[in-house]
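Going by UniProt numbering, the residue at position 174 of the sequence shown is 174; the numbering climbs one at a time, nothing skipped. Quick notes on the structure that follows.
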Amino acid sequence: MTQAEFAPRSLLYVPASNARALEKAHALAADMLIIDLEDAVPADRKAEARGAMRAAVTAGFSGKRIAVRINGTGSPHQAADLAAVSGLALDGLVLPKVDAPTDLDPARALGVPLFAMIETPAAIYAARAIAADPATHGLIAGLNDLAHELRLPDGAGRGAMSHAIQAIVLAARAGGIWCFDGVYNAIDDAPGFVAEAREGRALGFDGKTLIHPSQVEACNSAFAPSEREIAAAEALVAAATGGAQRYEGRMIEDMHVAAAKALLERADRG
Numbered sequence: 001m002t003q004a005e006f007a008p009r010s011l012l013y014v015p016a017s018n019a020r021a022l023e024k025a026h027a028l029a030a031d032m033l034i035i036d037l038e039d040a041v042p043a044d045r046k047a048e049a050r051g052a053m054r055a056a057v058t059a060g061f062s063g064k065r066i067a068v069r070i071n072g073t074g075s076p077h078q079a080a081d082l083a084a085v086s087g088l089a090l091d092g093l094v095l096p097k098v099d100a101p102t103d104l105d106p107a108r109a110l111g112v113p114l115f116a117m118i119e120t121p122a123a124i125y126a127a128r129a130i131a132a133d134p135a136t137h138g139l140i141a142g143l144n145d146l147a148h149e150l151r152l153p154d155g156a157g158r159g160a161m162s163h164a165i166q167a168i169v170l171a172a173r174a175g176g177i178w179c180f181d182g183v184y185n186a187i188d189d190a191p192g193f194v195a196e197a198r199e200g201r202a203l204g205f206d207g208k209t210l211i212h213p214s215q216v217e218a219c220n221s222a223f224a225p226s227e228r229e230i231a232a233a234e235a236l237v238a239a240a241t242g243g244a245q246r247y248e249g250r251m252i253e254d255m256h257v258a259a260a261k262a263l264l265e266r267a268d269r270g
């Protein structure tokens, strides 16, 4: 399995209008950089951001997968964004506020893997159809916007969105695609970030979107198998004889062996 076939653990948004952030991104350990033309860029700097994005992608980011987040359906900036990314060698295109598969239509012709952001109640109900669309390579939980749309009070916490969060994971798995957790806003709360990243992995997400470079290393660690998990997987694979069997006081079968092997392959990526 190649590096590109593994889901990225850390997906860092980088404002296209911030030259310093683009330069700094070269040295970061993020698995994927999402060069942002949407929320991180003021309306009066959109054109400037598109030019900076094209220059940065053309120059390249050695060893990193690169995606671009464009403005969403209904935005007056989307057509210019699509023109700006045309012809670029990208690993993904992130589309915000995808409420239905038809919201993917403007980007289909580019032939780039699409990552659909699920950010509204309508998107939650349509997530399975969005994930099943052949153009969709992954779902991204847009929990800030979802919380706003749900009219949740400040400080309500992720528990208030637990059904929606699990629906995103379920839709992605039903569609056989990747899924990524939303951002953690409190950039100075390192313990809180670690807790949420670990929770995201426990919920089944492949990785997490990030808004600050300080979150990258902790995210990679949270979504990587621990030494204890690696040792347990190695022992299980070594003991497996095929079919159902008793192993350390529990029953295991081929499904558990396959999961253990997948964990070890993920650990090998570094």
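In this text, a Cβ means the ideal position worked out from N, Cα and C, and glycines have one as well.
### Task
Verify the CB distance criterion: does Tyr247 have a CB-CB separation below 9 Å to chain E?
The structure shown contains no chain E; it holds only a single protein chain.
#### Entry: Candidates Gly92, Pro96, Gln215, Leu104: closest to Ala132 by CA position
Leu104
### Environment of Lys97 [buried if 16+ CB atoms lie within 10 Å]
buried
#### Entry: Inter-residue Cα distance where the pair is Val85 and Leu95
13 Å
### Query
Taking all protein chains shown into account, do 16 or more other C-beta atoms lie within 10 angstroms of the C-beta of Pro8, making it buried, or fewer, making it exposed?
buried
### Message
Output needed for Gly175: all residues of its chain with C-beta closer than 6 Å, excluding positions within five of it in sequence on either side, in chain order.
### Response
Ala131, Ala132
### Message
Taking 8 Å as the limit between beta carbons, can you name the residues of its chain near Arg266, skipping five residues before and five after?
### Response
Phe6, Ala224, Pro225
### Task
Run the CB neighbour count on Ala164, radius 10 Å, all protein chains shown included, and call it buried at 16 or more, exposed below.
buried
### Query
Once you ignore the five residues that flank Met161 on each side, which residues in its own chain have a CB closer than 8 Å to its CB?
Leu143, Leu146, Ala147, Leu150, Leu152
### Query
Can you tell which of Ser62, Thr58, Lys64, His77 has its C-alpha closest to the C-alpha of Gly87?
Thr58
#### Entry: Limits of the beta strand (DSSP E) - the one that Asp181 falls within
178-181
### Query
In this structure, does DSSP put Ser10 in helix, strand or coil?
strand
### Task
For the beta strand (DSSP E) containing Gln78, list its first residue and its last residue.
Not the beta strand (DSSP E): Gln78 falls in the alpha helix (DSSP H), residues 78-85.
### Message
Please state whether the Cβ-Cβ distance between His137 and Pro113 is less than 9 Å.
### Response
yes
### Thr209 - containing alpha helix (DSSP H), residue span
Note, Thr209: premise wrong, no alpha helix (DSSP H); beta strand (DSSP E) at 207-210.
### Task
Measure the beta-carbon distance from Asp91 to Ile66 and round it to whole angstroms, keeping in mind my assumption that it falls under 8 Å.
6 Å
### Query
With burial defined as no fewer than 16 other Cβ atoms inside 10 Å of the residue's Cβ, what is the status of Glu38: buried or exposed?
buried
### Query
Does DSSP put Ala113 in a helix, in a strand, or in coil?
Note that residue 113 is Pro in the sequence shown here, rather than Ala. Correct three-state label for Pro113: coil.
### Query
Between the beta-carbon of Ala11 and the beta-carbon of Ala30, is there less than 9 Å?
According to the sequence as given, residue 11 is Leu; it is not Ala. Yes. Within cutoff.
### Message
Output needed for Pro101: all residues of its chain with C-beta closer than 7 Å, excluding positions within five of it in sequence on either side, in chain order.
### Response
Ala129, Ile130, Asp133
#### Entry: Cut-off 6 Å between Cβ atoms - residues of its own chain near Glu199, not counting five sequence neighbours on either side
none
### Task
Thinking Ile211 and Ile187 are a contact (beta carbons under 8 Å), I'd like their distance in whole angstroms, please.
7 Å
### Query
Which partner residues of Ile140 appear in the DSSP bridge assignment?
Met117, Phe180
#### Entry: Length of the line joining the Cα atoms of Thr209 and Ala232
29 Å
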